Amino acid sequence: MTSFDRRPRPSFVRATAYSKITLALKVIGLRRDGYHDIEALTVSATDPSDVIEVSSVPQPSGVTLSLEGETDYVPLMRENLAVQASEAIMVSAGRSGHGVKMLLRKKIPAGAGLGGGSADAAAAMHAVRRLLELEITDEEILSVALSIGSDVPFCFSGGSAWMRGRGELLEPVSLAPDLPLLVVIPPFRLSTPKVFAAWDSLGINKSSRKIPAPDPISMVIPELFNDLELAAELVEPRLSDFRVQVEKISEMPAVLAGSGSAYIVPLSRQDAWRLDEIADELRRNLRVPVATARTADRGVRLSRV
Numbered sequence: 496m497t498s499f500d501r502r503p504r505p506s507f508v509r510a511t512a513y514s515k516i517t518l519a520l521k522v523i524g525l526r527r528d529g530y531h532d533i534e535a536l537t538v539s540a541t542d543p544s545d546v547i548e549v550s551s552v553p554q555p556s557g558v559t560l561s562l563e564g565e566t567d568y569v570p571l572m573r574e575n576l577a578v579q580a581s582e583a584i585m586v587s588a589g590r591s592g593h594g595v596k597m598l599l600r601k602k603i604p605a606g607a608g609l610g611g612g613s614a615d616a617a618a619a620m621h622a623v624r625r626l627l628e629l630e631i632t633d634e635e636i637l638s639v640a641l642s643i644g645s646d647v648p649f650c651f652s653g654g655s656a657w658m659r660g661r662g663e664l665l666e667p668v669s670l671a672p673d674l675p676l677l678v679v680i681p682p683f684r685l686s687t688p689k690v691f692a693a694w695d696s697l698g699i700n701k702s703s704r705k706i707p708a709p710d711p712i713s714m715v716i717p718e719l720f721n722d723l724e725l726a727a728e729l730v731e732p733r734l735s736d737f738r739v740q741v742e743k744i745s746e747m748p749a750v751l752a753g754s755g756s757a758y759i760v761p762l763s764r765q766d767a768w769r770l771d772e773i774a775d776e777l778r779r780n781l782r783v784p785v786a787t788a789r790t791a792d793r794g795v796r797l798s799r800v
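Quick note on numbering: the sequence shown equals residues 496 to 800 in our numbering.
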């Protein structure tokens, strides 16, 4: 390749981080390392989504972070997964300490079960790799991703997959993108560690509420469920009533997202035309945020300026 063929290194990269949606979640049990083995049918969804913008700075200052948007309960600087992931990938690629300015625009609420922190970490890794043109293999990146959090490998790859183990074992699923979903976010949040602790206290012999899977998700799994729902209701008693209201207003069944607190209303392709109509009804009656989402074939969308 001649010098005329080289593209200039980008000075600014923008990455959109999609939500992580669990359509079915089975908790198998507690592991010796303190994590839980799970089996989850997981998809990337276009909304709500976060945006990360990164740019180079001349000083070798590491990563500096600014926040905008829905920043309640979002960790700052070194406690933020996006910062941790950025610095970890630079270390892995032998570029430790490079100056990176990061702006994180938050729309994915913390404590809603939508994988916002993990999605931000994955988006930051994509963005910093593109910004600094890091020479690092996908295998090395996924190893770094898992060191940051159990959901980060899926968020980095995105699309549709079965997550197993603590989340590090991914089996891609042939599920068409652009399937309609409603994401209904209550006015309260849940702590993932507290929900799993409640699941441990309940014991493993408990049945989960199941709902029919809409077409074409039904070709992958006939019913949707979440083994953490009873535990989440134990942690937050308002959750059950909120779900009942969501189902009554939408006239459709809903499934808990991850460890909560958001609920997902999956629609069939035939009902896709009702997406905005149902969302408006939910917003008007519940006075809570409702995202009209579509499944995506990736977890992060990159653009550079």
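Ideal Cβ placement from N, Cα and C applies to all residues, glycine included. The structure presented is a predicted model; accordingly, all values stated were derived computationally and were not measured.
Nonlocal neighbours in the same chain, by C-beta distance under 6 Å from residue i, ignoring five residues either side
i    : result
E810 : Not covered by the structure: residue 810. The range shown for the chain is 496 to 800.
V639 : A583, I584 and S587
V760 : L677, S745, M747 and A749
V647 : S613, A616, A617 and A640
S655 : V538, V668 and L670
K596 : S550, V552 and T559
S591 : M585
A580 : A616, A619, M620 and I643
M496 : Note that M496 scores a pLDDT of 44, beneath 50, so its modelled location is shaky and nothing firm can be said.
Closer than 7 Å: residue i CB and nearest the ligand ATP heavy atom
i    : result
S514 : In the structure shown, the ligand ATP is absent, as is every other ligand, since no ligand is present at all.
Beta-carbon spacing of residue i, residue j below 8 Å
i    : j    : result
D722 : K521 : yes
P505 : L626 : yes
E534 : W657 : yes
A726 : A540 : no
E742 : S735 : no
G594 : P570 : no
S645 : I603 : no
V558 : V578 : yes
A791 : P672 : yes
Y758 : R782 : no
Best match in the options for proximity to residue i [C-alpha to C-alpha]
i    : options                   : result
G662 : G753, A583 and R625       : G753
I523 : K701, S556, L674 and V578 : K701
S686 : E731, L518 and S669       : E731
R778 : G610, Q740 and T790       : Q740
R793 : L664, D542 and V558       : D542
M620 : E772, F691 and A512       : A512
A786 : S798, L797, R796 and E772 : E772
G698 : T517, L518 and L525       : L525
Q530 : P688, A580 and G606       : According to the sequence provided, residue 530 is Tyr. The question's Gln does not apply to it. If we check each option's Cα against that of Y530, P688 comes out closest.
A605 : Y568, S703 and R527       : Y568
G589 : A692, I631 and R573       : I631
L762 : V546, P675, S696 and M572 : P675
Cβ of residue i within 8 Å of any chain C Cβ
i    : result
P672 : In the displayed structure, chain C is absent; only one protein chain is listed.
Beta-carbon contacts of residue i that lie in its chain and below 7 Å, excluding the five residues immediately before and after
i    : result
P784 : I680
F683 : E731, R733 and S756
V715 : L536, V668 and L670
M572 : L560 and V578
Whole-angstrom distance between residue j and residue i, CA atom to CA atom
i    : j    : result
S756 : S550 : 34 Å
A767 : P709 : 11 Å
G608 : R764 : 24 Å
E666 : S642 : 19 Å
L664 : F649 : 9 Å
V690 : E724 : 9 Å
G611 : N575 : 11 Å
E484 : S652 : Residue 484 falls outside the range modelled here, since the chain spans only 496 to 800, and no answer is possible.
S798 : I712 : 30 Å
G660 : T566 : 30 Å
I636 : R796 : 17 Å
D633 : R527 : 28 Å
R624 : S561 : 19 Å
V704 : L770 : For the record, residue 704 in the displayed sequence is Arg; it is not Val. So the two alpha carbons sit approximately 24 Å from each other.
S696 : V546 : 37 Å
A692 : D532 : 14 Å
A774 : A622 : 32 Å
Close beta carbons around residue i, own chain, < 8 Å, minus the five adjacent residues each side
i    : result
I804 : Given that the chain is displayed from residue 496 to residue 800, the structure contains no residue 804 and the question cannot be resolved.
G563 : The sequence given here places Glu at residue 563; Gly does not occur at that position. Same-chain partners within the cutoff: L598, L599, R600 and K601.
N780 : Q740 and I744
- Runs of alpha helix (DSSP H) wholly within the stretch 664–707 (minimum 4 residues, chain order): Taking only runs of at least 4 residues, the alpha helix (DSSP H) segments lying wholly in the stretch 664–707 are 687–697.
- Message: Give the list of continuous beta strand (DSSP E) stretches no shorter than 3 residues that lie fully inside the stretch 515–562.
- Response: 531–551
- Task: Could you tell me which uninterrupted beta strand (DSSP E) segments, each at least 3 residues in length, are contained entirely in the stretch 757–786, listed from first to last along the chain?
- Result: 758–761
- If you scan the stretch 709–737 from start to end, which runs of the alpha helix (DSSP H) of 4 or more residues do you find wholly inside it? Fully enclosed alpha helix (DSSP H) runs of 4 or longer: 724–730.
- Task: Jot down the residue ranges of each uninterrupted alpha helix (DSSP H) in the stretch 571–611, minimum 4 residues, whole runs only, in chain order.
- Result: 576–587
- Item | Minimum length 4: unbroken alpha helix (DSSP H) runs contained in the stretch 601–662 | DSSP runs (the alpha helix (DSSP H)) wholly in the stretch 601–662: 611–627, 633–643 and 647–652.
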